[in-house]
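So the sequence shown is numbered by our numbering: it starts at 502 and just counts up by one.
Ideal placement from N, C-alpha and C gives every residue a C-beta, glycine not left out.
Notes for the one structure printed next.
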Amino acid sequence: MLDIKRAGHSTLTTPDIEKTIDYFTRIVGLSLAAREKNRAILATKSGPEAIVLEKASVAEAPRLSLQVAPGSDLNEVASRLKKAGVKSERRTDITPGIGEALAFTDPKGTTIEVFSDFNFAPEDNTFTGVMPIKFGHIAYQCPDVKGIVKFYCDVLGFRVSDWRSDFFAFLRCSRDHHTVNFLRNDKTAIHHIAFEVRDWSDIKRACDLLARNNIKLTWGPIRHIIGHNIAIYHKNPDGITIEFFTDLDQMHDEELGYFEPRPWHQDRPQRPKVWGDDTPSNWWGPMSHGSPQHASALAQPAATVHHGLQGAGAPARKPALAEARVKQAQKKSRASRKPRRG
Ligand SMILES: [Fe+2]
């Protein structure tokens with residue numbers, strides 16, 4: 502088994518690379534670390550590479566780089582992968598920052614590039630866009646969530662932080678609650694990419710910046726229940742959902758086994774668990790418990806409730822159950838609007 506420490510960068514393909522570079526530099530606030538004929542490498546202002554853009558006819562996320570401990574011998578990493586039944590190949594010049602990596606394909610078809618050492622991008626002291634502090638997590642949808650979770654845990658060393666029912670898994674490889682997510686769907690595709698920002702005031706600044714650029718929020722600001730992050734969502738020019746978040750649950754020590762309160766949790770202490778599929782997506786903000794949006798979300802297929810994305814082929818709720826839940830939520834919503842006496 503490997504011991505992945507963090508996610509490096511996601512490679513995204515894009516039909517209009519100039520437009521997408523403009524979005525990631527001017528709106529997201531990444532630094533253009535390198536530009537080649539059909540490729541661009543973008544880093545956070547603090548230095549680590551975060552996104553690689555490649556020109557192609559469709560927008561997809563074909564590759565993900567993951568880091569093992571600096572100084573690790575990649576030959577030894579390759580033999581550990583082989584022992585786990587995974588054939589890898591050595592590749593060089595992955596990006597300007599990553600000289601060498603081991604490449605292999607995960608069960609849903611994403612190429613994983615495991616590297617041990619990297620160089621920070623050249624310094625960029627300009628202040629542009631949201632300027633996230635890091636590439637936080639990437640979520641995928643695929644049919645066999647249990648299978649992919651087993652691969653990431655047994656082969657790559659990830660740990661399960663939470664499940665929503667049996668169709669949405671949150672996995673960590675560091676103290677962050679999740680670095681990869683897997684949502685069950687018939688189609689295999691990217692679900693969203695998330696960048697961490699420093700604090701709530703940066704979320705507010707991001708809302709203003711997106712609005713000034715006529716980019717509508719698709720959801721948020723909210724505080725999630727699973728992971729407890731404060732988050733906003735919008736779509737990039739290629740229609741890929743981008744999240745900015747802060748205040749994500751942290752497990753400071755694996756041996757302690759619980760997440761630090763954000764600022765409070767439902768359970769004392771909050772340990773990894775399976776949340777019911779009727780768990781609301783967020784504590785406050787659109788689609789929070791009892792809101793009209795939550796009521797209508799309950800009438801949707803279960804997989805659309807979290808992150809509010811379309812889940813074609815997702816497990817559908819029984820209509821009668823969904824209807825009953827909508828009525829119950831509407832009743833609660835009406836009750837909460839009644840003026841209080843005394
Ligand atoms: Fe997310």
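In this structure, Asp-709 is the residue among Ile-723, Arg-724, Asp-709 with its C-alpha nearest to the C-alpha of Lys-717. Assignment of beta-bridge partners to Cys-643 by DSSP yields Arg-685. Under the Cβ criterion (8 Å, minimum of three pairs), the stretch 629-649 counts as touching the stretch 686-706.
In summary, Ser-511 is buried, with 16 or more beta-carbon neighbours lying within 10 Å of its beta-carbon over all protein chains present.
Residue Ala-508 holds the alpha-carbon nearest to the alpha-carbon of Gln-568 among Ala-508, Gly-598, Ile-649. Taken from the Cβ of Ala-640, at least one heavy atom of ligand 1 lies inside 7 Å. In this structure, DSSP gives Glu-519 a helical state, which the three-state scheme calls helix. In this structure the stretch 576-583 does not lie against the stretch 660-671, because fewer than three pairs of beta carbons, one per stretch, are closer than 8 Å. Look at the beta carbons and you see the stretch 585-598 touching the stretch 618-632: at least three pairs across the two are nearer than 8 Å. Beta-bridge partners of Trp-720 (DSSP): Tyr-734. Shortest Cα-Cα distance from His-678 to any of Leu-711, Ile-731, Thr-606, Thr-521 involves Ile-731. Between the stretch 646-661 and the stretch 600-614 there are three or more C-beta pairs closer than 8 Å, enough to call the two in contact.
For Asp-687, the closest of Lys-705, Ser-702, Phe-668, Phe-696 by C-alpha to C-alpha distance is Phe-668.
CA-CA distance, Ser-675 to Val-646, rounds to 21 Å.
Judged by beta-carbon spacing, Ala-557 lies beyond the 8 Å limit of Thr-521, meaning their Cβ atoms are not closer than that value. With 16 or more neighbouring CB atoms inside 10 Å of its own CB, Glu-744 falls in the buried class. Remark: C-beta atoms of Ala-570 and Ser-589 do not approach each other more closely than 8 Å. In this structure, His-678 has its beta carbon at no less than 7 Å from each heavy atom of ligand 1.
For Ile-634, the secondary structure class from DSSP, reduced to helix, strand or coil, is coil. By the CB criterion at 8 Å, Ala-544 and Ala-560 fall outside the cutoff.
Runs of the alpha helix (DSSP H) lying entirely within the stretch 645-714 and spanning at least 4 residues, in chain order: 646-655, 701-713. Around the beta-carbon of Asn-714, fewer than 16 other beta-carbon atoms lie within 10 Å, marking it exposed. Restricting attention to Met-752, Gly-721, Tyr-734, the CA atom closest to the CA of Phe-696 is found in Tyr-734. For Gly-728, the CB contacts under 8 Å within the same chain, skipping 5 residues up- and downstream, are Ser-662, Asp-663, Phe-671, His-678, His-679, Leu-749, Asp-750 in chain order.
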